[in-house]
Every structure is written in structure tokens, then in C-alpha cells.
Amino acid sequence: IDAFETLHKLSQTQEGRETISEKFMLEPKWTSDPNDVISDLNMNNVFSALVGLYMGTVQYNWVDWSDVANMCSFFEDDSISSIDALSALRMDEDYGYGNDYLSSDYDADLQYYIDMKDYVDGHKDNNTYDDDELAGILWTWQTCNEFGYYQSSDYGDGIFGTPVPLNFYVVMCEKLFGIGMDQIENSVARSNYQYGGRSRYNTTNVVLPNGDGDPWHALGILEKGNLDETVVPIVIKGTSHCADMYGATKDDPPDLTQARKTILENIQKWLKPATPTTTT
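So in our numbering the end of the sequence shown lands on 562, straight run, no missing numbers.
Structure, rendered in C-alpha cells:
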């Protein structure tokens, strides 16, 4: 909490923004020059990256590198300030991806996605993107066209304040796909109508796994209720986001091992060829 309160205060002055730039190795740098005007989107971009450290760690807790206990350990040393602890956390997590600086340029970051979209659309031939990057632009399209799911801070009742407004993502949709707020809202309404949401979900042959430690499980279907007998909700204790989709390890909790078994059994049952009928 102290780290983000400090960040908010520092962001209000030229000297404070220069301190943020130095602490988090911003590129382009923020300076104390009165002519160095920081746009709202560039400010949002920096805060989004720092808030994202928490979002990613909590979402993927217990999966590979992501661990809430490790994240919290950075803030247990009373000999350093909370903002220095946040800086150390940023260095620890981002260095794993080869990022030694933090981007403060919203338009430059967005251009990366625009270029990738052009490649996917067939307007560019050279492919320098890996599968994860390409999946990212496809997911971004889905958020603008189907789901929303933006992790904004407009609600304001949290440790981060309100540094990442919904508009941060709406502008992204507008510049990437020409999709504004009205279309996003209509698309989300259409998706809920089409799939039925939690209250009217009506389909067959689906397994719905959710980790009880995954913040997104709050949006999922967790109980059988009146669903078709071939719809199988699974709440996996001791796991977070997508844990069932990773390869098995010796450290997997029992619920995760059982969930993978249940998923496999159901898929095998659905894909089993039907017994041919004979006619005479």
C-alpha cells in the first residue's frame, strides 16, 4: 500500500516523476524539466506495468516462476523503503524476460501490437513473433470483440488507487481495431446472451476447471446445478490460473492430479467412436 501511495505522490510533481524514472529505469526517461509533459496514457502505462506485477503473480501463483510468497518477501525488509522494495520486485520479475527497463511510452508499446496485427492480417511478411506473442494479439482481439475482462482500477477501493482507468484499454481497442466503448459493451452483452452466462449456460460435453486460488474463478461455473449431465465443473484446490493445462510434476497437489484425470476421462468418453448400427 505504501509503495503505491508514494508513487501517486511522486507522480504529481516534476521532481517526483524524475525519481520514479530513476527507481524503475523508465524509457523514455522522465525528467524534472518543466517542458517534459507526461500524457495520461504514458502515466497509465507505467502504473499498469507495476500493478501488473501483482496481477500476474496472484493469477499464476504456484505455477513455475510466479509465487505470492516470494512477492511478499520483498516487502518484509523494514530497512528499505516500500518503493525500493517495489523496484526490486520489478527487477526480479522483469529481468526473467530480459527487460532491464520499464516502458513509459504507450504509443510505442501499442505500435508493437499494431505491427503484429498487420502480420496476422497478412500485411507484413516477416515473422519475428513467437506463438505466445501471436496468442496475445488474438486474445486482445477477443477482449475488444467478446469479453472485455479489463483489469482496470476505476473502482478505486483497493491498494492501488485509480492509476489504470478503463479508458486505457478502450483507447487500445480503438487504435488497434477501430472499436469504441459502445461496441465493446454491445459485444460483451452479445457474448453473455450467446453463452448464457452462469445462470443460463446451456451446452453439452464440456469440462469447466477452475483453481480456487485463481481470482478469475469468481466468474466461472463452480457447481453442477441444473447443467446437462455431460457438463463437468471442477474446482481444483490449491491451484491458480490454468494449472490443469500444464504438464504434471511430482509436486502437484492431489486435487490437480485428480482434475487432470477427470478431464482426460471425459474427453476420451466424448471422442470414443459410436458403436455402428447394423441393418438387415
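Glycine is no exception: its CB is placed at the ideal position from the N, C-alpha and C atoms.
With respect to the beta strand (DSSP E) encompassing residue 488, which residues constitute its N-terminal and C-terminal limits?
For residue 488, the enclosing beta strand (DSSP E) starts and ends at 488-493.
Closest by C-alpha distance to residue 332, when choosing among 341, 312, 375
375
Using a Cβ-Cβ distance under 9 Å, would residue 316 count as near chain B?
Included in the structure is just one protein chain, with no chain B present.
Start and end residues, beta strand (DSSP E) containing residue 517
Counting along the chain, the beta strand (DSSP E) containing residue 517 begins and ends at 513-518.
Shortest alpha-carbon distance to residue 490 belongs to which of 384, 468, 525?
525
Report the residue from 301, 336, 334, 344 whose alpha carbon sits nearest the alpha carbon of residue 533.
Nearest of 301, 336, 334, 344 to residue 533, Cα basis: 344.
Would you call residue 523 buried or exposed, if buried means 16 or more other Cβ atoms sit within 10 Å of its Cβ?
buried
Residue 564 and residue 398 closer than 9 Å at C-beta:
For residue 564 there is no data in the structure shown, the boundaries of the chain being 283 and 562.
8 Å CB neighbourhood of residue 436 in its chain, flanking five on each side removed
444, 447, 448
What three-state label does DSSP hand residue 304 in the structure shown?
Residue state, collapsed to three classes: helix.
Suppose only complete runs of 4+ residues qualify. What are the alpha helix (DSSP H) ranges in the segment 410-468, listed by chain order?
If we require 4 residues or more, the alpha helix (DSSP H) runs fully inside the segment 410-468 come out as 413-424, 449-459.
I believe residue 386 touches residue 498 by the beta-carbon criterion, under 8 Å. Please report the beta-carbon distance rounded to the nearest angstrom.
29 Å between Cβ atoms; not a contact.
I need the DSSP call for residue 293, collapsed to helix, strand or coil.
coil
Rounded to a whole number of angstroms, what is the C-alpha to C-alpha distance between residue 549 and residue 460?
39 Å
With 16 other Cβ atoms within 10 Å as the buried cut-off, status of residue 393
Burial state of residue 393 is exposed, judged by a 10 Å Cβ sphere holding fewer than 16 other Cβ atoms.
If we call anything under 9 Å between Cβ atoms a contact, is residue 496 one with residue 341?
yes
Going along the chain, which residues of its own chain have a beta-carbon closer than 7 Å to the beta-carbon of residue 453, five neighbours each way excluded?
Within the same chain, residue 453 has close Cβ partners 323.
What residue range is occupied by the uninterrupted alpha helix (DSSP H) comprising residue 546?
536-553
Got a sec, what are the start and stop residues for the alpha helix (DSSP H) residue 399 sits in?
388-402
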